Every structure is written in structure tokens, then in C-alpha cells.
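> So the sequence shown is residues 135 to 272, counted in our numbering.
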Amino acid sequence: MAHVHEVPADLTRNQGLVLGALNRSSGPLSAYDILDRLREDGLRAPLQVYRALDKLVERGLAHRLESLNAFVACADEHCHRKGLIAFAICEGCGKVDEFADAVIEERLGNWAGAKGFKVERTTMEIRGKCAECLKLAA
Ligand SMILES: [Zn+2]
Ligand SMILES: [Zn+2]
135 MAHVHEVPAD
145 LTRNQGLVLG
155 ALNRSSGPLS
165 AYDILDRLRE
175 DGLRAPLQVY
185 RALDKLVERG
195 LAHRLESLNA
205 FVACADEHCH
215 RKGLIAFAIC
225 EGCGKVDEFA
235 DAVIEERLGN
245 WAGAKGFKVE
255 RTTMEIRGKC
265 AECLKLAA
């Protein structure tokens, strides 16, 4: 279960609604999933959701999972959005765990430095089965 962020006071209404939907969800949501959940709140156009998501991702309040083309609320109170963010995605229940690892980050930094490669962002996505799902399968 993603741990819930306080919603910053300076978000727009749409940003607040989108972040709320992500916070309430136990798994990643696509932009269309979010739109479905917010129709009753007056959101009608995918563009409204995309705009809000862009801002939330920019501020590190939400993250985009590239391989799923879906979004999760950031699970970290003091988000490490500048650094390396890794996601473990369970293929059984869809749960996503977010974590950071300074050692991997340092190694990638060394590699990029040696190659003269300027890193814009790094996202690691690990696919597999979470401990709960493994327990159920056993
Ligand atoms: Zn985060
Ligand atoms: Zn699972």
C-alpha cells in the first residue's frame, strides 16, 4: 500500500484530484483510469489529466512507470526525484514498491561520468512477484 502524501496547498484543483486518485489506489493507474475515477468530480478530457500528471511528476509527487505507461503517487515523503528511483512491480497483484539505492546511483554516475553522458533521468523497473504473492503460490 502506497503511503499517503499530504496534498500540498498550492496544487490546482485538478492536480489535487489526480493526486488524490493516485493516493487512494493500491496500484498504478493509467491516465484513462484516473479520468474514469474523476468523472464525477467534473474531469472530462484526457488533456486535463495529462496536464495535472505532468506537473505532479515534475514536482516528484507522482512517478511515471515507463513500461506500464501508468502512474503512481510517490511513496517517499522527501522525494528523491533527482536521484535514481527504482520500482519493483509485482506481476501477480500489480503492487509497486518504490525505493532508492545510493550505491546503484553512484555506479551509474561513475559510468555516465566516464562516458561523458549527461543523465536526464533514470528509472529502474524490476518485474517479478512480491512476497505476498509468492506466499499465496506456495
Ligand atoms: Zn518518489
Ligand atoms: Zn504481488
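Built from N, CA and C at the ideal position, the CB exists for glycine as well. Note that the coordinates shown come from a computational prediction; the quantities given were computed from them, not determined experimentally.
Decide if PHE251 is buried, meaning its Cβ has at least 16 other Cβ atoms within 10 Å, or exposed.
Working through the sequence shown from its first residue, we reach residue 251 at position 117. Result: exposed.
> Give a yes or no on contact between the region 191-204 and the region 252-269, applying the rule of three or more CB pairs nearer than 8 Å.
Segments in contact, yes.
> Determine which residues share a DSSP beta bridge with VAL230 and list them.
As a position in the sequence shown, residue 230 is number 96, starting the count at 1. DSSP output for VAL230 lists ILE223 as bridge partner(s).
> Write down the C-beta distance between CYS226 and LYS263 rounded to the nearest angstrom, noting that I regard them as a contact closer than 8 Å.
Position 92 of the sequence shown, counted from the start, is the residue given in the question as residue 226. Position 129 of the sequence shown, counted from the start, is the residue given in the question as residue 263. According to the sequence as given, residue 226 is Gly; it is not Cys. 5 Å between Cβ atoms; contact.
> What are the boundary residues of the beta strand (DSSP E) that includes VAL206?
Residue mapping note: residue 206 aligns to position 72 of the sequence shown, counting from 1. Run containing VAL206: 204-207, per the beta strand (DSSP E) assignment.
> Within 10 angstroms of the Cβ of LEU268, are there 16 or more other Cβ atoms? Answer buried if so, exposed if not.
Counting from one through the sequence shown, the residue named residue 268 turns up at place 134. Exposed is the call here.
> GLU259 by DSSP, collapsed to three states: which one?
In the sequence shown, counting from the first residue as 1, residue 259 sits at position 125. Three-state DSSP puts GLU259 in a strand.
> With VAL152 and LEU181 assumed to form a contact (beta carbons below 8 Å), what rounded beta-carbon distance in angstroms separates them?
One-based indexing of the sequence shown puts residue 152 at position 18. One-based indexing of the sequence shown puts residue 181 at position 47. In fact, because the Cβ distance is near 12 Å, the residues do not count as touching under 8 Å.
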